[in-house]
Amino acid sequence: MSLMSFFNRRTSAPVARERLQILLAHERGIVGGKTDLVALLREEILAVVGRHVTIERDRVQVKMNRGADLSTLEIEVELPGPDLARA
Amino acid sequence: MAKVLVVTSGKGGVGKTTSTAALGGALAQGGEKVVVIDFDVGLRNLDLVMGAERRVVFDLINVVQGDAKLSQALIRDKRLENLSLLPASQTRDKDALTEEGVARVLAELREKFDWIVCDSPAGIERGATLAMRHADVAVVVTNPEVSSVRDSDRIIGLLDSKTEKAEKGERVEKHLLLTRYDQGRAERGEMLKKEDVLEILSIPLLGIIPESEEVLRASNVGTPVTLNNPNSAPGRAYFDAARRLKGETVEMMIPSDRKGLLGKLFGRRAA
Chain A
44 MSLMSFFNRR
54 TSAPVARERL
64 QILLAHERGI
74 VGGKTDLVAL
84 LREEILAVVG
94 RHVTIERDRV
104 QVKMNRGADL
114 STLEIEVELP
124 GPDLARA
Chain B
165 MAKVLVVTSG
175 KGGVGKTTST
185 AALGGALAQG
195 GEKVVVIDFD
205 VGLRNLDLVM
215 GAERRVVFDL
225 INVVQGDAKL
235 SQALIRDKRL
245 ENLSLLPASQ
255 TRDKDALTEE
265 GVARVLAELR
275 EKFDWIVCDS
285 PAGIERGATL
295 AMRHADVAVV
305 VTNPEVSSVR
315 DSDRIIGLLD
325 SKTEKAEKGE
335 RVEKHLLLTR
345 YDQGRAERGE
355 MLKKEDVLEI
365 LSIPLLGIIP
375 ESEEVLRASN
385 VGTPVTLNNP
395 NSAPGRAYFD
405 AARRLKGETV
415 EMMIPSDRKG
425 LLGKLFGRRA
435 A
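So the sequences go chain by chain: A and B. No gaps in the numbering here: position 2 of the first sequence is 45 in the numbering used here, and each next residue is one more. No gaps in the numbering here: position 95 of the second sequence is 259 in the numbering used here, and each next residue is one more.
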């Protein structure tokens, strides 16, 4: 056993703590009776855009990235070509 | 007024049954009228930990289904006259428990006891949700270990959404009971510290039960640890926790079994 691993083996608790904090931040959003925000946003965006343009349900992607300082919401709606849109 | 307390955790093997017996014992030793109920239908064990396994005649399901009266199913503890046990069925399955039936039994118990301590089964299925359904107070038993903390977080979410109180817009009073805690390992960074678990779960701390051989010794002989060895580290920790449940302010300490020289020399005697 090297000297480094001798010292490292003592610091597993902070790793446990960090892994839990990241995991639970994610899980609290999607389970436990709370509304799935991403799914809700996806449905409402589909409804609003669908009122004006014909879109396919599986061509809408909503992603949320939660960071420590900054969270981002990424919405990607793929619109059909000019022929379909006029139909 | 009677209080319904659920001892729950999500994860199995963290000490729900041990804690139910010990907290029930400690409350009864303090003069309260206590009944402990086993909700683990099909896998009952509270009877064994309480030393009443050979006295079970009727069980919770018999009472829920009207096949026995509550008074026939309650087993009075041989050591403490104000402590009773309502065992679970070992042969039926958990679907035999109905929400109305459980509500009726709990309402009847509320008239006879000060504390109704419900030992929840592990998991988040029917047995566990019924055990927490009518609770006023919840004790979330957690080990300083990642899977236990994660499951406790899930259970806290259920306590805030799926209980009768939550649905009425009220709150179930939640407390964290940290069990199998090893202060030495926590200080050396080998185990989650109490501060880590408290920060992650953010519910108030009811007590810290140190890892101790006294817990196994008590269950071996079928006695709550608070009765078997009241002065042991876990015994004292459970007594403190029981006093906090009653609303007393007790300084938070982590008792230890550390023995003196004489204790070390003679400490190997069988319990």
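Cβ coordinates follow ideal geometry from the N, Cα and C atoms, glycine included.
Exposed or buried, what is residue 255 of chain B when buried is set at 16 or more other beta-carbons lying within 10 Å of its beta-carbon? Within 10 angstroms of the beta-carbon of residue 255 of chain B lie fewer than 16 other beta-carbons, which makes it exposed.
Environment of residue 179 of chain B [buried if 16+ CB atoms lie within 10 Å]: Per the 10 Å Cβ criterion, buried.
Alpha carbon to alpha carbon, how far is residue 90 of chain A from residue 322 of chain B? Give it in angstroms, no decimals. So the two alpha carbons sit approximately 31 Å from each other.
Euclidean distance between Cα positions of residue 369 of chain B and residue 362 of chain B: Computed Cα separation, rounded: 7 Å.
Under 7 Å by beta carbon: chain A residues contacting residue 356 of chain B: What residue 356 of chain B touches in chain A: 56, 59, 60.
For the beta strand (DSSP E) that residue 370 of chain B lies in, which residues bound it at each end? In the DSSP assignment, residue 370 of chain B falls within the beta strand (DSSP E) that extends over 369-374.
Report the option in B:196, B:315, B:415, B:245 whose CA atom is closest to the CA atom of residue 441 of chain B. This structure does not reach residue 441 of chain B, given that chain B is present from 165 up to 435, and the question cannot be answered.
Of all the CB atoms in chain B, is at least one closer than 7 Å to the CB of residue 67 of chain A? By the rule that beta-carbons nearer than 7 Å mark a contact, residue 67 of chain A touches chain B.
What's the C-alpha gap between residue 247 of chain B and residue 194 of chain B? Roughly 11 Å separates the two Cα atoms.
Mind pulling the chain B residues with CB within less than 7 Å of residue 63 of chain A? The contact set of residue 63 of chain A on chain B, defined by CB atoms closer than 7 Å, consists of 310, 313, 314, 364 in chain order.
If you reduce the DSSP assignment to three classes, tell me which class residue 320 of chain B lands in. Helix at residue 320 of chain B.
In angstroms, rounded to a whole number, what distance separates the CA positions of residue 390 of chain B and residue 85 of chain A? Taken atom to atom, the span from the alpha-carbon of residue 390 of chain B to that of residue 85 of chain A is near 54 Å.
Measuring only from the beta carbon, is residue 335 of chain B closer than 6 Å to any heavy atom that is part of the ligand FMN? Judged by which ligands are present, the structure shown has none, so any question about the ligand FMN falls away.
Helix, strand or coil for residue 214 of chain B, going by three-state DSSP, please let me know. The three-state secondary structure of residue 214 of chain B, taken from DSSP, is coil.
Short of 8 Å Cβ to Cβ, which residues in the segment 330-354 of chain B face chain A? Those would be 350, 352, 353, 354, in chain order.
Here's a check: name, in chain order, each residue in its chain whose Cβ is nearer than 6 Å to the Cβ of residue 280 of chain B, leaving out the five neighbours to either side. Excluding positions up to five away in sequence, the list reads 168, 199, 273.
CB contact below 7 Å: residue 360 of chain B versus chain E: Any reference to chain E falls outside this structure, whose protein chains are A and B.
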